[in-house]
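Engineer:
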Amino acid sequence: MAGSASSVTLQLTSQCGLFHYLAEIDYRLQGVSLLARISLTHLGEAPCLYGAGFHPFFWRDEQTKIRFLASGVWQEGLEHLPTDWSSRLAPHLDFRQWQRPQGGSTTATVAGMARPSWCTPPAVNG
């Protein structure tokens with residue numbers, strides 16, 4: 222682990238069967254933005270395929286709105302694996318315009334170069 226006042230990098234080395242890897246996640250504050258990066262490095266002798274997901278969690282309230290660009294969505298099946306790709310985003314997954322995220326968990330993966338923006342309006346003192 223390494224860190225500073227504006228960044229932290231966490232690492233994990235794991236070996237389970239053919240899966241011998243180094244996982245690294247890096248969070249960094251840059252101005253008003255949070256930059257996050259994840260990487261996996263295979264350390265085993267024989268080649269091995271990996272699948273990885275990035276599932277950040279952010280606190281939100283009923284006023285929170287988000288916006289980001291994405292090239293499409295992977296729908297998720299009963300076993301939580303991707304089933305169908307679509308470049309059309311359903312209204313509840315289309316965050317090209319500011320929108321409140323719906324409650325609960327989403328069973329789809331939005332893909333592409335996501336550059337999220339996060340907005341929670343300031344509390345109004347009345």
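Numbered according to the numbering used here, the sequence shown spans residues 222 to 347. Ideal Cβ positions, reconstructed from N, Cα and C, are used throughout, including at glycine. Note that the structure is predicted; figures quoted are calculated from it, not measured.
Which residue's Cα is closest to the Cα of Ser225: Arg321, Leu250, Leu290?
Structural biologist: Here the closest residue by C-alpha is Leu250.
Engineer: Exposed or buried, Leu314, counting other C-beta atoms within 10 Å across all chains shown (16 or more means buried)?
Structural biologist: With 16 or more other Cβ atoms within 10 Å, it is buried.
Engineer: CB-CB under 7 angstroms to Ala267, same chain, minus the five flanking residues each way: which ones, in chain order?
Structural biologist: Hits under 7 angstroms: Leu239.
Engineer: Keeping to the same chain, check which residues put their C-beta closer than 6 angstroms to that of Gln232; ignore five residues upstream and five downstream.
Structural biologist: So the qualifying residues of the chain are Glu245.
Engineer: Going by the beta-carbon positions, is the gap between Leu243 and Thr230 smaller than 8 angstroms?
Structural biologist: Result no, Cβ atoms of Leu243 and Thr230 do not sit closer than 8 angstroms.
Engineer: Out of curiosity, what's the CA-to-CA distance linking Asn346 and Arg281?
Structural biologist: At Asn346 the pLDDT is 46, less than 50, meaning the model places this residue with poor confidence; the figure from the coordinates comes in the next sentence. Approximately 19 angstroms, taken between the alpha carbons.
Engineer: If His241 and Leu264 are in contact, beta carbons under 8 angstroms, what's the gap, nearest whole angstrom?
Structural biologist: Yes, His241 and Leu264 are in contact; Cβ-Cβ is about 5 angstroms, under 8 angstroms.
Engineer: Taking only the alpha-carbon atoms, compute the straight-line gap between Gly293 and Met222 and give it to the nearest angstrom.
Structural biologist: When rounded, the distance between both Cα atoms is 34 angstroms.
Engineer: Among Arg309, Ser235, Lys286, Ser307, whose alpha-carbon lies nearest the alpha-carbon of Trp319?
Structural biologist: The shortest C-alpha separation from Trp319 is found at Lys286.
Engineer: What residues are listed by DSSP as bridge partners for Asp247?
Structural biologist: Bridge partners of Asp247: Thr230, Arg258.
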